[in-house]
Amino acid sequence: MIVCPVCENRQARGTECEVCGKVFSLSVVRAAGHAVEAAPLEGLEPTRYETPGAPVAPVADDAPCVWCRHVQKGGKFCERCGMERHRGRARSDEQVPGHLLPEGWARCGECGLPTPPPRCRGCGARVAWPDEDEALQ
Numbered sequence: 102m103i104v105c106p107v108c109e110n111r112q113a114r115g116t117e118c119e120v121c122g123k124v125f126s127l128s129v130v131r132a133a134g135h136a137v138e139a140a141p142l143e144g145l146e147p148t149r150y151e152t153p154g155a156p157v158a159p160v161a162d163d164a165p166c167v168w169c170r171h172v173q174k175g176g177k178f179c180e181r182c183g184m185e186r187h188r189g190r191a192r193s194d195e196q197v198p199g200h201l202l203p204e205g206w207a208r209c210g211e212c213g214l215p216t217p218p219p220r221c222r223g224c225g226a227r228v229a230w231p232d233e234d235e236a237l238q
C-alpha cells in the first residue's frame, strides 16, 4: 500500500497520487513492492507493448500552467497556484477553423480565455475591446 506524503491518500499502486497528483519518488514505489526485478517466464507470449514496432518519442510534460504560467516537469496540479494542469496545449483561433468568439468578446492576452471586456474572468487582466485592436494598428 502506497501512502502519499502530501495528502496521506492510501492507494494500492501507481506512480502518481490519485488525489493530489504528486509524483512518487522511486524509493516510495520500491518500498511498496512495485519495482521488483524478475526474469521473464519461459513459454509466455510477449505483449505488443514489450516489442514496439518503432521507437516512440517521449511526450514533453513541461508545458506551462494555463493559469499562472509556471513550468514544472509533471504532476496533476500546479505547484505554484494549485490549479489542475491540462495535459494538452490550448489551440488558438487560427488553428481551429470555424471557431468564432461570441459577439463583443475577445481573447485574453495573458491566459487565452475567451471573455467579455474590460477584465478577464479567468486571470483579471485588462482585455481590450475587439475594435481597439484594429483602431490601434
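For the sequence shown, our numbering puts the final residue at 238, and the numbers step up evenly by one. Ideal placement from N, C-alpha and C gives every residue a C-beta, glycine not left out.
Of the residues Glu-185, Thr-216, Cys-209, the one placed nearest Pro-203, counting alpha carbons only
Thr-216
Do you know offhand how far Cys-221's Cα is from Gly-183's?
20 Å
Roughly how many whole angstroms lie between the Cα atoms of Gln-112 and Pro-219?
46 Å
Cβ-Cβ distance between Val-124 and Asn-110 below 7 Å
no
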